[in-house]
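Step one of this worksheet: look at the structure below.
Protein chains: 2
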Amino acid sequence: MNSDFELHPQLAADCLSVGRLSLSELLLLNDARYPWFVLVPARAGITEVFELDEADQQQLWRESARLATYLKVACGADKVNIGALGNLVPQLHVHHIGRFIDDPAWPGPVWGHSAATPYEPAALQLRVDSVREWFVGDLTN
Amino acid sequence: MNSDFELHPQLAADCLSVGRLSLSELLLLNDARYPWFVLVPARAGITEVFELDEADQQQLWRESARLATYLKVACGADKVNIGALGNLVPQLHVHHIGRFIDDPAWPGPVWGHSAATPYEPAALQLRVDSVREWFVGDLTN
Numbered sequence: 001m002n003s004d005f006e007l008h009p010q011l012a013a014d015c016l017s018v019g020r021l022s023l024s025e026l027l028l029l030n031d032a033r034y035p036w037f038v039l040v041p042a043r044a045g046i047t048e049v050f051e052l053d054e055a056d057q058q059q060l061w062r063e064s065a066r067l068a069t070y071l072k073v074a075c076g077a078d079k080v081n082i083g084a085l086g087n088l089v090p091q092l093h094v095h096h097i098g099r100f101i102d103d104p105a106w107p108g109p110v111w112g113h114s115a116a117t118p119y120e121p122a123a124l125q126l127r128v129d130s131v132r133e134w135f136v137g138d139l140t141n
Numbered sequence: 001m002n003s004d005f006e007l008h009p010q011l012a013a014d015c016l017s018v019g020r021l022s023l024s025e026l027l028l029l030n031d032a033r034y035p036w037f038v039l040v041p042a043r044a045g046i047t048e049v050f051e052l053d054e055a056d057q058q059q060l061w062r063e064s065a066r067l068a069t070y071l072k073v074a075c076g077a078d079k080v081n082i083g084a085l086g087n088l089v090p091q092l093h094v095h096h097i098g099r100f101i102d103d104p105a106w107p108g109p110v111w112g113h114s115a116a117t118p119y120e121p122a123a124l125q126l127r128v129d130s131v132r133e134w135f136v137g138d139l140t141n
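Sequence lines, in order, name chains A and B. Note that the first sequence covers residues 1 to 141 in my numbering. Note that the second sequence covers residues 1 to 141 in my numbering.
Next comes the structure, spelled out in C-alpha cells:
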C-alpha cells in the first residue's frame, strides 16, 4: 500500500525529514522563525484528507494531536496553527506551526508572509533532537 | 458538558449559523467569493484540537471529512483548504474553504487576503439550502 509513496520534491527541498511515524513522514520546515512541522501521510496519490481510509484519517489526526501538543508543551507556543492547504503542492501534507505573539507574522497566517530564514546548524540540531525525543519509540529511520 | 458553550461573538458576527451537527456548530462565513464553512466544537473553553477528548477529536474530524467532501463534490472545488488557526479568535474553530484556481486569493491562503464580499440574499439562500441538503438528518436547529 505504501510502496508507491514518494515525498513530493518541493517538500523534500523545503524540509528536513525527521523520520517516519506509524502513518506519516514527519518533516521540519527549514525556517528558524517558527517551530514548523509537516505531516505527510505515506500513501500514494492522496490530495485530500477525506481520500484516506477511515483508519488512516484517525491515525493522521492522532499524530497531529501529538505534534500539536509538542509545539504547545515542549516549545511553549502561544497558539498552534494547523493547516492542510495544498494549493501549490498537491500531495496531502498538514502544516503544524507553533505561533508566538512576538513572531514575525503574528497574528496573521505564516503562509505567504515572507521568505524563510534557514536554521543555523546548531539550532537545527537542537530542534531535531527535541522532536525526536518527544516521539521516541514511534519514529523510524 | 455543553451547557457552558457559547459561540464567540466574533464568529457570530462574521458567520451565519447553519445548524448543529453531533459535535460542532456549522457556520457559513459571509463571503460570497468562496464556499467557506467553519466547524466549532460545542465544548466550552477549548482552544486547541488536542484539548478535546479522544472521542470528540474523532467526531470533529469525521464532520470535517464530510464537510470537505461537500466542498469537493457538491461545490466542485479544485482544492479544499482546512485550517485551525485561532490567533485572533481563541475559541477552537476549523475553517473549511473550497478553493478554485480562478478565485481571488489563489494559490495563496484566504486568511488575511482581502475583505469579504457579503452574499446577495438569493445566493446566500442557495448556499445554505445546498449544505443543509448535504447534511440532512444530521443537523439540528
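From the three backbone atoms N, C-alpha and C, an ideal C-beta is built for every residue, glycine too.
Using 8 Å as the cut-off, classify the Cβ of B:Glu63 as near or not near the heavy atoms of the ligand FAD, replying yes or no. As for the ligand FAD, it is missing from this structure, which has no ligand bound.
In this structure, how does DSSP classify B:Arg62 when only helix, strand and coil are distinguished? Residue mapping note: residue 62 of chain B aligns to position 62 of the second sequence, counting from 1. B:Arg62 sits in a helix when the DSSP states are folded into three classes.
Near A:Thr117, which residues of its chain fall below 8 Å by C-beta distance, leaving aside the five closest residues on each side in sequence? To locate residue 117 of chain A, count along the first sequence from 1; it is residue 117. Asp31, Ala32, Arg33.
Would B:Leu23 pass as a contact of B:Val38 if the rule is Cβ separation under 9 Å? Your numbering for residue 23 of chain B matches position 23 in the second sequence. Your numbering for residue 38 of chain B matches position 38 in the second sequence. Not a contact, by the Cβ cut-off of 9 Å.
Pick from B:Glu63, B:Pro41, B:Trp134: whose alpha carbon is nearest that of B:His8? Taking the second sequence and counting its residues from 1, one reaches residue 8 of chain B at position 8. Nearest option by C-alpha distance: B:Pro41.
With a threshold of 9 Å between beta-carbons, can A:Phe50 be considered close to chain B, or not? Mapped onto the first sequence, residue 50 of chain A falls at position 50. Closer than 9 Å to some Cβ of chain B, the Cβ of A:Phe50 qualifies, so yes.
DSSP three-state call for A:Ala116: helix, strand or coil? Locating residue 116 of chain A in the first sequence gives position 116, where the first residue counts as 1. Three-state result, A:Ala116: coil.
Close beta carbons around A:Arg62, own chain, < 7 Å, minus the five adjacent residues each side: Here residue 62 of chain A corresponds to residue number 62 of the first sequence, with the count starting at 1. Nothing meets the Cβ criterion.
What's the call for A:Ala65, buried or exposed, on a 16-neighbour Cβ count within 10 Å? Counting from 1 along the first sequence, the entry for residue 65 of chain A is found at position 65. Counting other Cβ atoms within 10 Å of its Cβ, A:Ala65 reaches 16 or more and is therefore classed as buried.
Residues of chain B with CB under 9 Å from A:Val38, in chain order? On the first sequence, residue 38 of chain A is found 38 positions in, with the first residue counted as 1. Residues of chain B with a Cβ closer than 9 Å to the Cβ of A:Val38 do not exist; the shortest Cβ-Cβ separation is about 14 Å.
Buried or exposed for A:Leu71, please, with buried defined as at least 16 other CB atoms from any protein chain shown within 10 angstroms of its CB. Translated into positions along the first sequence, residue 71 of chain A becomes position 71. It is buried - the Cβ of A:Leu71 has at least 16 other Cβ atoms within 10 Å.
For A:Pro104, I'd like the list of residues in its chain whose CB is within less than 8 Å of its CB, leaving aside the five on either flank, ordered along the chain. For the purposes of this step, residue 104 of chain A is taken as the residue at position 104 of the first sequence. Excluding sequence neighbours, A:Pro104 sits near Arg33, His113, Ser114.
Put B:Ser24 into one of helix, strand or coil per three-state DSSP. As a working mapping, residue 24 of chain B is identified with position 24 in the second sequence. Strand, per DSSP.
For my contact list, B:Val80 and B:His96 are in at a C-beta cut-off of 8 Å; report their separation, rounded to the angstrom. Numbered from its first residue, the second sequence carries residue 80 of chain B at position 80. Numbered from its first residue, the second sequence carries residue 96 of chain B at position 96. Contact between B:Val80 and B:His96 holds, with the beta-carbon distance rounding to 7 Å and staying under 8 Å.
In chain order, which beta strand (DSSP E) runs of at least 3 residues are fully inside the stretch 62 to 101 of chain A? Qualifying beta strand (DSSP E) stretches, in chain order: 79 to 84, 94 to 99.
Would you kindly report the start and end of the unbroken beta strand (DSSP E) that includes A:Leu39? Numbered from 1 along the first sequence, position 39 holds the residue referred to as residue 39 of chain A. Secondary structure note for A:Leu39: its beta strand (DSSP E) is the uninterrupted segment 36 to 41.
Check for me: the alpha helix (DSSP H) holding A:Asp31 runs from which residue to which? Residue 31 of chain A sits at position 31 when you count from the first residue of the first sequence. It is not in any alpha helix (DSSP H) - A:Asp31 carries neither H nor E in the DSSP assignment.
How close, in whole Å, do the beta carbons of B:Leu11 and B:Val18 come, if the pair is a contact with beta carbons under 8 Å? Taking the second sequence and counting its residues from 1, the one referred to as residue 11 of chain B is at position 11. Taking the second sequence and counting its residues from 1, the one referred to as residue 18 of chain B is at position 18. Between B:Leu11 and B:Val18 the beta-carbon gap is near 13 Å, outside 8 Å, which marks them as no contact.
Is the Cβ of B:Gln10 closer than 9 Å to any Cβ of chain A? The residue given as residue 10 of chain B occupies position 10 in the second sequence. Judged by the 9 Å Cβ criterion, B:Gln10 is not in contact with chain A.
Interface flag, A:Pro35 vs chain B, CB-CB below 9 Å: Counting from 1 along the first sequence, the entry for residue 35 of chain A is found at position 35. It does not: the Cβ of A:Pro35 has no partner Cβ on chain B nearer than 9 Å.
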